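Numbers given in this note's numbering equal positions in the sequence shown, counted from 1, plus 4. All C-beta atoms, glycine included, are put in the ideal place defined by N, C-alpha and C. Note that the coordinates shown come from a computational prediction; the quantities given were computed from them, not determined experimentally. One structure is given below, encoded as structure tokens.
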Amino acid sequence: SAAIADTAAQRILAGAPVVFARSRPPGHHAMKDQFGGYCYLNNAAIAAQRLRSGGHGEVALLDVDYHHGNGTQDIFYERDDVRVCSIHGDPAEEFPYFLGHADEQGAGRGDGHNRNLPLPRGTEAEAWFRTLDQAIGWLSTSSPTALVVSLGLDTFVDDPISHFRLQQPDFMRLGQRLAAIELPTVLVMEGGYATEELGRNVAAVLSGFETGRSN
5 SAAIADTAAQ
15 RILAGAPVVF
25 ARSRPPGHHA
35 MKDQFGGYCY
45 LNNAAIAAQR
55 LRSGGHGEVA
65 LLDVDYHHGN
75 GTQDIFYERD
85 DVRVCSIHGD
95 PAEEFPYFLG
105 HADEQGAGRG
115 DGHNRNLPLP
125 RGTEAEAWFR
135 TLDQAIGWLS
145 TSSPTALVVS
155 LGLDTFVDDP
165 ISHFRLQQPD
175 FMRLGQRLAA
185 IELPTVLVME
195 GGYATEELGR
205 NVAAVLSGFE
215 TGRSN
């Protein structure tokens with residue numbers, strides 16, 4: 005799982021415009037020194053660090069999983085070279101409960117480099133995409149040179165453990181929005197538990213990204 009994400013980042017360093025890392029188990033709940041939430045190693049953080057080590061000045065890391073990426077926040081919270089933004093269910097009522105609040109903005113050198121955008125249960129696609137636009141705008145202000153996306157698709161309306169209401173066509177739209185950022189991009193698979201539809205939802209994101217890049 006971690007090796008897949010690391011290899012994806014190496015492909016970006018070699019010149020690929022976008023690489024999808026089909027990582028399992030997910031990773032964004034894994035902290036510097038602690039596992040949790042099905043996650044043992046933080047795949048997206050490993051990809052971001054590989055990009056930094058390979059010469060990228062600043063990396064933007066966008067987490068769109070239904071659950072807050074508390075591990076990713078922990079890893080980069082005091083750093084200013086990886087800018088982290090997460091859109092997720094409000095931790096007042098969703099896992100991981102103890103992190104993911106809007107007032108967590110980084111510390112030390114990382115002050116101002118972490119942003120959380122929690123949303124209530126039942127959030128529909130239009131409200132979610134307005135929040136995505138906020139996230140992308142904020143990430144872009146520091147002129148990053150590469151993008152890592154923690155691609156959780158448990159925002160799907162029929163996901164059994166989540167409570168947003170995105171439909172399959174919305175994932176194509178997500179792919180198009182990510183492509184429009186126009187950065188070398190690593191898409192790292194995170195959550196998604198509607199197993200019958202998950203493959204089609206992933207395909208919708210990738211199709212949307214391809215369409216967005218070709219326009």
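- Annotation for Phe80: Val86, Val88 place their beta carbon closer than 6 Å to its own, counting only its chain and skipping 5 residues before and after.
- For Ile16, the number of other beta carbons within 10 angstroms of its own is at least 16, and it is reported as buried.
- For Gly216, the enclosing alpha helix (DSSP H) has its first and last residue at 199–218.
- Straight across, the Cα-Cα distance linking Asp174 with Pro100 is about 25 Å.
- In the three-state scheme derived from DSSP, where H, G and I count as helix and E and B as strand, Leu178 is classed as helix.
- Relative to the Cα of Arg177, the nearest Cα in the group Pro122, Glu97, Asn205 belongs to Asn205.
- The residues Met176, Gly179, Gln180, Ala183, in chain order, have a CB closer than 8 Å to that of Thr215 in the same chain once the five nearest residues on each side in sequence are set aside.
- In the structure shown, Ala111 adopts coil according to DSSP, grouped into three states.
- The C-beta distance from His117 to Gly75 rounds to 16 Å, too long to fall under 8 Å, and the pair is not in contact.
- Contact between Ser154 and Val192 holds: their C-beta atoms lie close to 6 Å from each other, under 8 Å.
- For Ser211, the closest of Ala198, Val22, Phe102 by C-alpha to C-alpha distance is Val22.
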